[in-house]
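Chains as they are written, first to last, in UniProt numbering: chain A, 1 to 224; chain B, 1 to 224.
Built from N, CA and C at the ideal position, the CB exists for glycine as well.
Here the structure is laid out as structure tokens; the discussion comes afterwards.
2 protein chains.
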Amino acid sequence: MASPNENPPTKYGVLLFPGFQALDVFGPLDILNILSKYHRPKPMDLVVVAATLDPVSTTVSDAEFGQRIVPTHTFDTAPEDIEVLLVPGGMGTREDAIAGPAIAYVKKIFPKLRYLLTVCTGSALVAQAGLLEGKRATTNKTVWKWATAQGPNVDWVLEARWVTDNNIWTSSGISAGISAGIDMMYAFVSAMYGEETAQDIADVSEYRRNTDPTDDPFVKLADV
Amino acid sequence: MASPNENPPTKYGVLLFPGFQALDVFGPLDILNILSKYHRPKPMDLVVVAATLDPVSTTVSDAEFGQRIVPTHTFDTAPEDIEVLLVPGGMGTREDAIAGPAIAYVKKIFPKLRYLLTVCTGSALVAQAGLLEGKRATTNKTVWKWATAQGPNVDWVLEARWVTDNNIWTSSGISAGISAGIDMMYAFVSAMYGEETAQDIADVSEYRRNTDPTDDPFVKLADV
């Protein structure tokens, strides 16, 4: 059972870009949404950071079937006291014009963060910022070849639901099913706020947690 | 194995209100996001419907930790040819000023829908529109007492991940863990587009589906 962190983080940021995967964001964030209401410490803060203040779509092109989220800050205006940054994956990570500014932002903010959490191909984006050099990390298995190529010096762990290396937590992903990113966030909440808190949220959410970070039934889909 | 529907729906709507539960929306929708890209028929359409065109927050009060989604239409301007409407739950369903207009809209649009899908306390909202009278339905187990009281003539099914009665599909919930609403959506996609399509999406999503609608481990948390 994880000991509660004595000074758990309260200032969160989520990085968005066109073509982000909705569940990479809302899977983990909805856990924090509940935490922010019912559990203390308070107040918890969330900034939504993107290249501009225009609503950010789950699709690269606005003409497609998608949903749009309103940012609160841009890469230039985002506060410097974000403690935990969540970086999702999604098709946008594969478009240089979209990924480039996001990579630059993460590289800039990382020294000030307490924790960096990535879901799915978010780790490929963060690898391109040079932040995973020599570190253990994982990513989406179904695009393993492309994703791991974005960080040739990263110690990529194939069979893992999520991996922690120092203050960087990376999860496998979730194109639409959640699971890995959500399970990672429950583990993070357990580490930061205590196991009882994490389990209370899972119970009220009617969610059956997967607490084993190595339990990765999708490794067989990896295109190694 | 479900036979594919010969004329599957392509026009979807999601109803939003302040204090909607993010995962009630994005769990099921991210499955459709993937379907809309990789599977046919095309084109698939999504309208996001709310009381006004202002971004809709996951919180009742904008001051709290939340995320805001941009509607595409209001209850007055929403197109009449929506085939499938998704109604999430969340704390907003418990605020009369918020729930009232949503209830009126669902009541108005229902005769034109092919399918109505609810997640979590979305069924409590829809019950208040009188649409579940004498029908089998389920809802969030952890607020069972309040939710079922919103529809005294509904045949509420306690032990169920999701329930289908004619063209109304209702799932248990998800405050932050997904699962029931996502599992229901996979079953819906299987019924509409074929089991192979549904499983392909689950595979690319690295999601382990729960395909048994009666498998409900959270019934023990119900406050009956």
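**Report entry** Enclosing alpha helix (DSSP H) for K107(A) [first to last residue]
**Finding:** Residue 107(A) sits at position 107 when you count from the first residue of the first sequence. Counted as a single uninterrupted DSSP element, the alpha helix (DSSP H) harbouring K107(A) occupies residues D96 to I109.
**Report entry** Local conformation of I34(B) per DSSP, three classes
**Finding:** As a first step, residue 34(B) is located in the second sequence; it is residue number 34 there, counting from the start. Residue state, collapsed to three classes: helix.
Requested in this report: Have a look at P9(B), I103(B) and T118(B) and flag the residue whose alpha-carbon is nearest the alpha-carbon of G27(B).
Outcome: Counting from one through the second sequence, the residue named residue 27(B) turns up at place 27. Selected option, being the one with the closest Cα: T118(B).
Query - Cut-off 7 Å between Cβ atoms - residues of its own chain near D165(B), not counting five sequence neighbours on either side - result: For the purposes of this step, residue 165(B) is taken as residue 165 along the second sequence, with counting starting at 1. Within the same chain, D165(B) has close Cβ partners K135, R136 and A137.
Requested in this report: Measuring only between beta-carbons, confirm whether G177(A) sits less than 8 Å from chain B.
Outcome: Taking the first residue of the first sequence as 1, we reach residue 177(A) at position 177. The pLDDT assigned to G177(A) is 39, lower than 50, so where the model puts this residue is not dependable, and the model offers no usable value.
Query raised in the report: To the nearest angstrom, how far is it from the Cα of G151(B) to the Cα of P55(A)?
Result: If you number the second sequence from 1, residue 151(B) lands on position 151. If you number the first sequence from 1, residue 55(A) lands on position 55. So the two alpha carbons sit approximately 37 Å from each other.
Requested in this report: Might you give, ordered along the chain, the residues of its own chain that have their beta carbon closer than 8 Å to the beta carbon of A129(A), omitting 5 neighbours on each side?
Outcome: Translated into positions along the first sequence, residue 129(A) becomes position 129. Taking A129(A) as the centre and dropping the five residues before and after it, the same chain places the C-beta of I103, A104, V106, K107 and F110 closer than 8 Å to its C-beta, in chain order.
Query raised in the report: T121(A): which of P88(A), D203(A) and V48(A) sits nearest, CA to CA?
Result: The residue you call residue 121(A) lines up with position 121 of the first sequence. Nearest to T121(A) by C-alpha distance, out of P88(A), D203(A) and V48(A), is P88(A).
**Report entry** Start-to-end residues for the beta strand (DSSP E) that takes in V119(A)
**Finding:** Taking the first sequence and counting its residues from 1, one reaches residue 119(A) at position 119. Going by DSSP, V119(A) is part of the beta strand (DSSP E) stretching over Y115 to V119.
Report task. Would you identify the three-state DSSP class for K141(B), choosing helix, strand or coil? Result -> Along the second sequence, read from residue 1 onward, the residue named residue 141(B) stands at position 141. Secondary structure at K141(B): coil, using DSSP grouped into helix, strand and coil.
Query raised in the report: On the three-pair Cβ rule with 8 Å, is the segment 189 to 199 of chain A touching the segment 143 to 159 of chain A?
Result: As far as the Cβ criterion goes, the segment 189 to 199 of chain A does not touch the segment 143 to 159 of chain A, which means the pair count is below three.
Report task. Would you please verify whether the beta carbon of V48(A) is less than 8 Å from any beta carbon of chain B? Result -> Along the first sequence, one-based indexing puts residue 48(A) at 48. Closer than 8 Å to the CB of V48(A) there is at least one CB belonging to chain B.
Query raised in the report: Which residues in the same chain as R114(A) place their Cβ atom closer than 8 Å to its Cβ, once the five residues preceding and following it in sequence are excluded?
Result: On the first sequence, residue 114(A) is found 114 positions in, with the first residue counted as 1. Exclusion of the five residues before and after R114(A) leaves P9, E83, V84 and N167 as the residues of its chain whose Cβ lies within less than 8 Å of its Cβ.
Query raised in the report: Would you say G19(A) faces chain B, with C-beta separation under 8 Å as the test?
Result: Numbered from 1 along the first sequence, position 19 holds the residue referred to as residue 19(A). For G19(A), the answer is no, since every Cβ of chain B falls outside 8 Å of its Cβ.
Report task. Give the secondary structure of V14(A) by DSSP, where H, G and I count as helix, E and B as strand, and everything else as coil. Result -> Here the question's residue 14(A) lines up with position 14 in the first sequence. The three-state secondary structure of V14(A), taken from DSSP, is strand.
Query raised in the report: Excluding the five sequence neighbours on either side, which residues of its own chain have a C-beta within less than 6 Å of the C-beta of F17(A), listed in chain order?
Result: Here residue 17(A) corresponds to residue number 17 of the first sequence, with the count starting at 1. For F17(A), the CB contacts under 6 Å within the same chain, skipping 5 residues up- and downstream, are G92, I98 and A102 in chain order.
Query - Cβ pair W156(A), M184(A) closer than 8 Å - result: Counting from 1 along the first sequence, the entry for residue 156(A) is found at position 156. Counting from 1 along the first sequence, the entry for residue 184(A) is found at position 184. Contact flag unset, no.
Query raised in the report: Which of the three DSSP states, helix, strand or coil, is assigned to T211(A)?
Result: For the purposes of this step, residue 211(A) is taken as the residue at position 211 of the first sequence. T211(A) sits in coil when the DSSP states are folded into three classes, being neither helix nor strand.
Query raised in the report: Any idea which residues DSSP pairs I168(A) with across the strands?
Result: Translated into positions along the first sequence, residue 168(A) becomes position 168. Per DSSP, the beta bridge partners of I168(A) are L116(A) and D165(A).
**Report entry** Residue-chain proximity (G181(A), chain B), Cβ-Cβ < 8 Å
**Finding:** By 1-based counting over the first sequence, the position of residue 181(A) is 181. No, G181(A) does not count as interfacial toward chain B.
**Report entry** Local conformation of L125(B) per DSSP, three classes
**Finding:** The residue you call residue 125(B) lines up with position 125 of the second sequence. Looking at L125(B) - three-state DSSP - the assignment turns out to be helix.
Query raised in the report: Smallest Cα separation from F75(A): which of A187(A), G66(A), V48(A) and V126(A)?
Result: Within the first sequence, residue 75(A) is the residue found at index 75, counting from 1. For F75(A), the nearest C-alpha among the options comes from V48(A).
**Report entry** Sheet register partners of F63(A) (DSSP bridge)
**Finding:** Numbered from its first residue, the first sequence carries residue 63(A) at position 63. According to the sequence displayed, residue 63(A) carries Ala and not Phe. Answer by DSSP bridge pairing: none, since A63(A) is not bridged.
Query - DSSP-derived helix/strand/coil call for A50(B) - result: Counted from its first residue, the second sequence places residue 50(B) at position 50. In this structure, DSSP gives A50(B) an extended state, which the three-state scheme calls strand.
Query raised in the report: Between which two residues does the beta strand (DSSP E) carrying V84(B) extend?
Result: Within the second sequence, numbered from 1, the residue matching residue 84(B) stands at position 84. Following the DSSP letters along the chain, one finds V84(B) inside the beta strand (DSSP E) bounded by residues V84 to V87.
Query raised in the report: Are the beta-carbon atoms of I31(A) and I182(A) separated by less than 8 Å?
Result: In the first sequence, residue 31(A) corresponds to position 31, counting from 1. In the first sequence, residue 182(A) corresponds to position 182, counting from 1. In contact: I31(A) and I182(A) (Cβ atoms closer than 8 Å).
Report task. Would you mind telling me which residues of chain A sit closer than 8 Å to G122(B), beta carbon to beta carbon, in chain order? Result -> Position 122 of the second sequence, counted from the start, is the residue given in the question as residue 122(B). Within 8 Å Cβ-Cβ: nothing; G122(B) doesn't reach chain A, min ~14 Å.
Report task. List the residues of chain B whose Cβ lies closer than 7 Å to the Cβ of A22(A), in chain order. Result -> As a position in the first sequence, residue 22(A) is number 22, starting the count at 1. Simply F26, L29, D30 and N33.
Requested in this report: Output the distance between the C-alpha atoms of A180(B) and A22(A), rounded to the nearest integer angstrom.
Outcome: Here residue 180(B) is taken as the residue at index 180 of the second sequence, counted from 1. Here residue 22(A) is taken as the residue at index 22 of the first sequence, counted from 1. Rounded to the nearest angstrom, the two C-alpha atoms are 17 Å apart.
Query raised in the report: Distance, Cα to Cα, L15(B) vs D81(A)?
Result: Residue numbering aside, residue 15(B) sits at position 15 when the second sequence is read from its first letter. Residue numbering aside, residue 81(A) sits at position 81 when the first sequence is read from its first letter. Roughly 35 Å between the two C-alpha positions.
**Report entry** N- and C-terminal bounds of the alpha helix (DSSP H) containing S190(B)
**Finding:** Indexing the second sequence from 1 puts residue 190(B) at position 190. In the DSSP annotation of this structure, the continuous segment of the alpha helix (DSSP H) that includes S190(B) starts and ends at A180 to Y193.
**Report entry** S57(B) versus G173(B), Q67(B) and A51(B), residue with shortest Cα-Cα distance
**Finding:** The residue you call residue 57(B) lines up with position 57 of the second sequence. Nearest of G173(B), Q67(B) and A51(B) to S57(B), Cα basis: Q67(B).
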